[in-house]
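Contents: one structure, followed by commentary.
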Amino acid sequence: MNGSLLRNFVNTSTLKVLGNVGKRKALPCIPCIGTFMHKKFLATTNEQTVTVRDALNEALDEELTRDERVFLLGEEVAQYNGAYKVSKGLLDKFGPKRIIDTPITEAGFAGLAIGAALAGLRPICEFMTFNFSMQAIDQVVNSAAKVSYMTGGVNCPIVFRGPNGLAIGVAAQHSQDFAAWYGSIPGLKVVSPWDSEDAKGLLKAAIRDPNPVIVLENELQYGVSYPVSQEFMSSDFLLPIGKAKIIREGNDITVVSHSRTLNFCIEAAEKLQDEEGISVEVINLRSIKPLDVDTIVNSVKKTNHLVSVETAFPQFGVGSEICALAMETEIFDYLDAPVERVTSADVPTPYTANLESLSVPDTQVIAKVIKQMEEKTRHIAILGGGVVGCSIAYHITLLNTDPNLKVTVVEKTAIACAASGKAGGFLTYDWCDGGPLEDLARKSFDLHAELAERLNGKIRYDYRVVDTLAITASTKAASVKPPPTVWLRPGVVTKFKSIGTTQTTAQLHPYKFTKTLIEEAELRGAKVKIANVIGLEFDKLKVSGVRLSTNEIIPVDTVIIAMGPWSGEALSWLVKKSGRAHQLPDVSGQRAHSIVLRPKVDISAHVCFVTLNLGHKYAEPEIYPRPDGEVYISGECDESPLPASAEEYIPNPTAIRSLKNNMNTLSPDILGNATVVREQCCYMPISDDDKPLIGKVPWLDGVYLATGHSVWGILNSSGTGLVIAEMILEGQTKFADVRGLAPMRPKSYNKIH
């Protein structure tokens, strides 16, 4: 029926006569009075709230005012103000030609509306409930949806709207969810608003769309109030169709839902956060078709878990489509567990209240599914994003074969934020011989060479083999000439010797190496969380969580303490938990200074350990030329209180000045005249007995230590990472003998307070 016929139809008494025949009584309206009271969405004192009903009414009012081609038709939309009062006041304002009561003939008035749309009008066709749209399914699917395709692009700007999904006490024929029904039809867009902003923004966008849009409301949401933004007040407030919204951020599980069920998802998320420490991200789909796959993908990249929640039946629903997309898109590459679906039971919705409540998902059901998914996941937290922590993450993700294993590196400031290092990335094969570090150090040196081949270390982190010299120098006249390839001032060298060759010494860039390790680990699913750890949670003597300064608890099964110089604080947590003293050495920080220079000429690849006689004292600078043209120079250590974080490191100006003066003495033309790139310091983690702590804490379940490496942190990071990975994943290490480095020490080392 075209537009002129519509006007003639309205101007006759036919509608009045037909409207009194077989008049359908409005369904019982069971409003949810008041505001959705979840704490996340409570309005502040200055925040305005609007009910979903009023938001829809406002959208209709604004679009009817904006465009005279817009009109509303449906059963009881005019004189009765709508079965759910959504169209209240519109008849008085816009008159009976634009707010039109229809007979009980969905097929008839839906077809009439489609004809009006094809004639240039913009009808809004209300179904008292979308269950009744089944009476008009031929019109919606075979006419409205297909006309543009069948006519070479003729537009059909029509909106079909009304309540969808579960109501209360209206039985099987009035409680179905039609999102998947209409979402499967080419030519239809389908939106499913949740809160007041969704309701207004999506309905207005649907009315302005040039082709058919299904707007699936929910009658139990009509009376619920939600906070609204200042933008909501504008008559041009629109929400894009096809774009989802993250309404609660989280890190562990992604939950995707739409419409009223989001209320339960949010409540379940908060319950799990408070009781279990599970961090749930909740996505409001808003649009069923088109579906915003990108938002889901990006969320799952972070959480590695996906749960779909809806009130539709289990087979062939929106959740089924999301599961299919998880298999067909890059979502699959990031999943640590199969996608879970929460749906209504596979039965017609019961009328009896107790059976009805059992047939649809609620907060408890959703929380149970999420918790079970998280329980299937083994979660390893590595505390510390330095070179040792990142090496552990790299090796665990490399060796792991369990798809349900989750690895998180928790770092207070930033990955590799303190990766200057006393030794400047120096690697040696045999300098740790004769002690408990010998086997680990030798095998770590060889492993570094393997990693450089595997990870393209020459390019990515400046790995190279080097010659190493011990040089004695003096400010007094010297008789020994320096090696011709070394850039020292003539007359300053009194003695030199080779202490390492390209077979036994090498170097890398500490920061670039650490970043490479974490990048590789992230490619295999590891996550980095920037947060301040303030303690551990235990279930008896088994670690169960990592407590953050925000009071968030990350649920874990295993914790590795690799916090460098801050490990001492973490060790105190372990002793406190045990209830008695144990033989753990303390770990503290020792400050070392360094400068980075860029000379005007390249210098040879010789690492130099210098003893410089200044007459009144000796200095011992270490000089590390790098492939990129920089020269890293470190000096003596001093004692200084450990700052709260690496961001608060402050070098001693006297120590920095001393390093510069030493370079002026040793190489005034080259290093003394070089550009100073950085002045910095680091804090080396030193244990009471000068040995690292590597291995499981014997009296606690799931707690491992990897700290106290002193100057050899870069060298032994590779081997330590592999040792810890083998211990956790295989129960023992085959890589190196670290029995002499186990955390348990003789009683004489009981120094934890």
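UniProt numbering numbers the first residue of the sequence shown as 1 and each following residue consecutively. For each residue, glycine too, the CB sits at the ideal point set by N, CA and C. Values in this document were obtained by computation on a predicted structure and should not be read as measured data.
Less than 7 Å separates the beta-carbon of Val466 from that of Thr505. Approximately 4 Å separates the beta-carbon atoms of Leu91 and Ile99; this is inside 8 Å, confirming the contact. The distance from the Cβ of Ala117 to that of Pro157 is about 5 Å, consistent with a contact at the 8 Å cut-off.
Using a Cβ distance threshold of 7 Å, Leu584 and Leu597 do not count as a contacting pair. Distance from Ile114 to Val70 at the Cβ level is roughly 15 Å; contact not present, criterion being Cβ atoms closer than 8 Å.
Spatial neighbours of Lys734 in its own chain (CB-CB distance under 7 Å, excluding positions within 5 residues in sequence) are listed in chain order as Glu726. With a contact defined as Cβ atoms closer than 8 Å, Ile168 and Leu220 qualify at about 7 Å. Of the residues assessed, Gly152 falls on the exposed side of the cut-off, its CB having fewer than 16 other CB atoms within 10 angstroms.
Here DSSP, grouped into helix, strand and coil, assigns Glu62 to helix.
As the crow flies, the alpha-carbon of Ala268 is around 7 Å from that of Gln364. Positions of the beta strand (DSSP E) runs, each at least 3 residues long and wholly inside the region 250–309, are given as 253–257, 280–284, 287–289 and 306–309 in order along the chain. Beta bridge pairing from DSSP links Leu118 with no other residue.
Contact between Ser391 and Gly721 holds, with the beta-carbon distance rounding to 3 Å and staying under 8 Å.
Phe232 and Asp198 have their C-alpha atoms spaced approximately 10 Å apart. Rounded to the nearest angstrom, the gap between the Cα atoms of Gln173 and Gly319 is 22 Å.
Across the structure, Asn155 and Ala526 are spaced so that their CA atoms are roughly 48 Å apart. For the alpha helix (DSSP H) assignment, the uninterrupted runs of no fewer than 4 residues enclosed by the region 643–703 are, from N- to C-terminal side, 653–666. When only Cα atoms are considered, Gly740 and Thr343 end up about 55 Å apart.
Between Val546 and Ile553 a beta carbon distance of about 7 Å is seen, short of the 8 Å cut, so the two are scored as contacting. A direct Cα-to-Cα measurement between Ala381 and Ser143 gives close to 57 Å.
Note on Asn354: under 16 other CB atoms within 10 angstroms of its CB, so exposed under the neighbour-count rule. A direct Cα-Cα distance of roughly 22 Å separates Thr501 from Gly435.
The region 406–474 contains, as complete beta strand (DSSP E) runs of 3+ residues, the segments 426–428 and 467–474 (chain order). Residue state for Glu321 is assigned as helix, using DSSP reduced to three classes. Counting along the chain, Val191 sits inside the beta strand (DSSP E) bounded by residues Lys189 to Val191. As summarised for the region 539–572, the continuous beta strand (DSSP E) elements at least 3 residues long and confined to that stretch are 542–548, 553–555 and 558–561, given in chain order.
Listed in chain order, the non-local C-beta contacts of Thr408 below 6 Å within the same chain comprise Ala381, Lys527 and Lys529, local neighbours out to five positions each way being set aside.
Distance from the CA atom of Ile650 to the CA atom of Tyr683, rounded to whole angstroms, is 11 Å.
In the DSSP assignment, Lys495 forms a beta bridge with Thr472. Pairing Ala110 with Asp209, the inter-Cα distance amounts to about 18 Å. Ala324 counts as exposed, since fewer than 16 other beta carbons sit within 10 angstroms of its beta carbon.
A direct Cα-to-Cα measurement between Ala452 and Gly731 gives close to 27 Å. The Cβ atoms of Ile670 and Pro599 sit closer than 7 Å to each other. About 5 Å separates the beta carbon of Ile518 from that of Ile415, a gap short enough to meet the 8 Å contact definition. Here Asp294 is exposed, its C-beta having fewer than 16 other C-beta atoms within 10 Å.
Collapsing the DSSP output to three states places Val228 in coil.
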